[in-house]
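With the first letter of the sequence shown counted as 1, position 24 gets the number 24 in full-length UniProt numbering; the numbers rise by one all the way through. Where is the CB? At the ideal position from N, CA and C, for every residue including glycine. Worksheet: the structure to be examined is printed underneath.
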Amino acid sequence: MVVKSSNRAPCLRSVQHEAEVLIKPKGCPFIIEYFGGQFTADENGEKVYNLFLEYASGGSLHHLIKKSDGCGLPESKVRWYTRSILEGVKHIHQCDYVHCNLTPENILLVATTTSCGSTSLVAKIADFRLAKRTKEKVGGSRCRGSPIYLSPEALLDKLQDQPSEIWSIGCIVLEMLTGKPPWDTCYYWKPQDFLDMLVFYSPKIPAKISKEGRDFLKICLAFNPYKRLTTEELLSHPFVAQSIPPEEYNGSSQSDIASVTLSSSSEEVTVL
């Protein structure tokens, strides 16, 4: 089990919000499991909120991609993880929520026993701090989430709905296949140039990717959000429909676990 703790007001609210959201999809095998939350006091007597979550023994998808050294993951693995991600996001959407921050860092890998008795890694959606109701409008001038995974309509018009999540999934799948982020930021020195690229272009899909993979990505990364398929429709796509679990998982050492590190100094994650 992992305990996510926070005592700073803004982060405290976001962690409590995460707990409220996680109650809805509870029991879905493709969403990180939520065991509950409680208030405690730290050594200074300040109120701390603790979130009890499932431990991801395989670390994060970001960590796995990084270990590929820019080569990407085998397509058989990508197909399997993509199916898991689609199943998780489908369940989130059925609960009338939009995640708003689908990135490789927020997809964790959990060891699961298959029907054959072997152990493989399943991708599970995590970090619901930015999640919102489907029809809820995003307030303020900034949209939620990591820009390089956000859809053009999310960046331009602050529209973050279910089709926007499909674009994010496309970016993640592309990164799994290539080992590189969907956008190369090295060539954009001015922030406005980079923003224009994100808003007016789609990521390039390499020819080396299989025909089924390229077709899947073109659907996800369609510039027009109305041309993107739903998670349920994508689950019938040949790229994922016949996917099978990757080879047996032998576990990973504590030094390999990336999922227990948070960038925010006002939040702590403890593995129990």
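CB contact flag (Tyr149, Leu102, <9 Å): Cβ distance < 9 Å, so Tyr149 and Leu102 count as in contact.
Segments assigned beta strand (DSSP E), at least 3 residues, entirely inside the segment 44-113: Runs of beta strand (DSSP E) with 3 or more residues, each lying fully within the segment 44-113, are found at 47-53 and 107-113, listed in chain order.
Opening and closing residue of the beta strand (DSSP E) in which Phe39 lies: Per DSSP, the unbroken beta strand (DSSP E) holding Phe39 starts and ends at Tyr34 to Ala41.
Straight-line Cα distance separating Ser84 from Ile244: Straight-line measurement puts the Cα of Ser84 at about 11 Å from the Cα of Ile244.
Three-state secondary structure (DSSP) of Ile166: The three-state secondary structure of Ile166, taken from DSSP, is helix.
Closest residue to Leu64 among Val173, Glu212, Ser236 and Lys204 (Cα-Cα distance): By alpha-carbon distance to Leu64, the top candidate from Val173, Glu212, Ser236 and Lys204 is Val173.
Exposure label - Ile23; buried when at least 16 CB within 10 Å: Counting Cβ neighbours within 10 Å, Ile23 comes out exposed, since fewer than 16 surround it.
Alpha-carbon to alpha-carbon, Pro29 and Leu53: Straight-line Cα distance between these residues: approximately 13 Å.
Whole-angstrom distance between Thr113 and Cys220, CA atom to CA atom: Going from the Cα of Cys220 to the Cα of Thr113 covers about 30 Å.
Segment contact flag, the segment 208-218 with the segment 159-167, C-beta cutoff 8 Å, min 3 pairs: By the criterion of at least three beta-carbon pairs nearer than 8 Å, the segment 208-218 is not in contact with the segment 159-167.
The beta strand (DSSP E) enclosing Lys124, as first and last residue numbers: Following the DSSP letters along the chain, one finds Lys124 inside the beta strand (DSSP E) bounded by residues Thr119 to Ile125.
Ser14, DSSP secondary structure in three states: In the structure shown, Ser14 sits in a helix (DSSP, three-state: H, G or I).
Straight-line gap, Asn106 to Asn44 (C-alpha atoms, nearest Å): C-alpha separation (whole angstroms): 31 Å.
Residue from Lys135, Val240 and Val2 whose Cα sits closest to the Cα of Ile169: Residue Val240 is the option with its Cα nearest to Ile169.
Separation of Cys116 from Ser146, as counted between CA atoms: Looking at the two C-alpha atoms, the distance is approximately 38 Å.
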